[in-house]
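Down below is the structure, laid out as structure tokens.
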Amino acid sequence: MPSLRPARLVVPALLFLLAAPVLAACGDAGPATGTTVAVAASEDTCEVATTNLEAGPVTFTVTNKGSKVTEVYVYGEKDGAFDTIVGEVENIGPGTSRDFSVDLSGGTYEIACKPGQTGDGIRTKVTVTGDAAGETGEPAYDREIEMTVAAAGLTGLDGADAKSGETIEFKLQNDTDGTRKLEILDPSGAVVAEAGVDKGAEGEVAVELKAAGTWTVKVEGGAKEIETPLPVS
Numbered sequence: 005m006p007s008l009r010p011a012r013l014v015v016p017a018l019l020f021l022l023a024a025p026v027l028a029a030c031g032d033a034g035p036a037t038g039t040t041v042a043v044a045a046s047e048d049t050c051e052v053a054t055t056n057l058e059a060g061p062v063t064f065t066v067t068n069k070g071s072k073v074t075e076v077y078v079y080g081e082k083d084g085a086f087d088t089i090v091g092e093v094e095n096i097g098p099g100t101s102r103d104f105s106v107d108l109s110g111g112t113y114e115i116a117c118k119p120g121q122t123g124d125g126i127r128t129k130v131t132v133t134g135d136a137a138g139e140t141g142e143p144a145y146d147r148e149i150e151m152t153v154a155a156a157g158l159t160g161l162d163g164a165d166a167k168s169g170e171t172i173e174f175k176l177q178n179d180t181d182g183t184r185k186l187e188i189l190d191p192s193g194a195v196v197a198e199a200g201v202d203k204g205a206e207g208e209v210a211v212e213l214k215a216a217g218t219w220t221v222k223v224e225g226g227a228k229e230i231e232t233p234l235p236v237s
């Protein structure tokens with residue numbers, strides 16, 4: 005079993021993509037290759053150094069010039085909407101920088117800076133040329149489920165539905181007084197992803213739901229262990 009540390013795991017049939025502490029899929033993904041693009045994020049701006057790129061590997065170097073923790077997403081276009089997550093980096097503290105890399109095909113994208121790590125973000129459109137128009141990079145996951153663990157228990161999963169074959173990022177905000185461990189169990193009871201989440205921090209795991217059945221979201225630590233079923237149809 006992986007060591008306990010804040011991490012993000014993408015698990016298509018137990019294929020793990022490891023990231024930096026409390027970091028989303030494409031954050032800090034190895035040495036920079038291809039094109040490097042600077043992004044300056046603040047409370048009311050999202051300045052992308054260039055908005056015309058060639059297809060291929062792109063490393064975004066994000067500097068947080070604001071006073072709030074921020075995150076930056078790359079969204080691809082599908083059916084006229086920019087909501088397909090291609091890459092992201094989270095938990096960029098004020099005055100700090102982080103890099104993340106994505107492999108972009110030809111098409112149009114939106115770069116979203118999210119001060120406070122909430123909302124749709126401040127968006128800048130980017131055009132990528134060099135491949136067939138309309139194609140986008142492979143999404144890191146399909147959607148997010150945001151949860152919070154506090155003294156009263158776990159919230160955010162009530163009424164959550166899931167479909168077999170989709171990849172979901174489970175995000176856990178730890179509002180307790182100590183470290184907690186987030187685990188995702190498949191219908192057989194096997195742990196397929198886990199992440200340690202420090203007090204006051206946020207952790208994520210992304211899991212491909214390969215089979216229908218009852219999956220389990222489990223939070224360990226403290227006086228009470230929490231297990232919440234997640235039906236997958």
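For reference, each letter of the sequence shown is one residue, going 5 to 237 in the working numbering.
Glycine residues also receive a C-beta, built at the ideal position from the N, C-alpha and C atoms.
Among the bridge pairs identified by DSSP, V41 is matched with F64. Between A156 and K228, the alpha-carbon positions lie close to 10 Å from each other.
Under DSSP, no beta-bridge partner is assigned to G125. The beta carbons of V73 and F64 sit about 17 Å from each other, so the pair does not count as a contact at 8 Å. Considering only S105, V221, K214, A216, the residue with the shortest C-alpha distance to E208 is V221.
Check the Cα spacing between P233 and each of E92, E187, P119, P98: the tightest is with E187. C50 is the residue among T183, C50, F104 whose C-alpha sits nearest the C-alpha of K118.
Residue range 74 to 82 is occupied by the beta strand (DSSP E) that includes Y77.
Judged by DSSP secondary structure, D87 falls within the beta strand (DSSP E) whose first and last residues are 85 to 96. Sorting M151, S237, N56 by C-alpha distance to the C-alpha of E114 places N56 at the top.
Under the criterion of beta carbons closer than 8 Å, I172 and V211 qualify as touching, at roughly 6 Å. Taking the CA atoms as reference points, T218 sits about 11 Å from S168. Classified as exposed, D124 has fewer than 16 neighbouring CB atoms from the shown chains inside 10 Å of its CB. Distance from the CA atom of S105 to the CA atom of V93, rounded to whole angstroms, is 9 Å. If you compare the alpha carbons of G163, V195, K214 with that of E170, the shortest gap goes to K214.
Each of A85, P98, A59 was checked against the Cα of E47, and the nearest Cα belongs to P98. Assignment of T183 by DSSP, reduced to helix, strand and coil, places it in the coil class.
The beta carbons of G163 and T133 sit no closer together than 8 Å. The continuous beta strand (DSSP E) containing P119 extends over residues 111 to 119. Approximately 6 Å separates the beta-carbon atoms of T131 and T112; this is inside 8 Å, confirming the contact.
Remark: C-beta atoms of N178 and V153 approach each other more closely than 8 Å.
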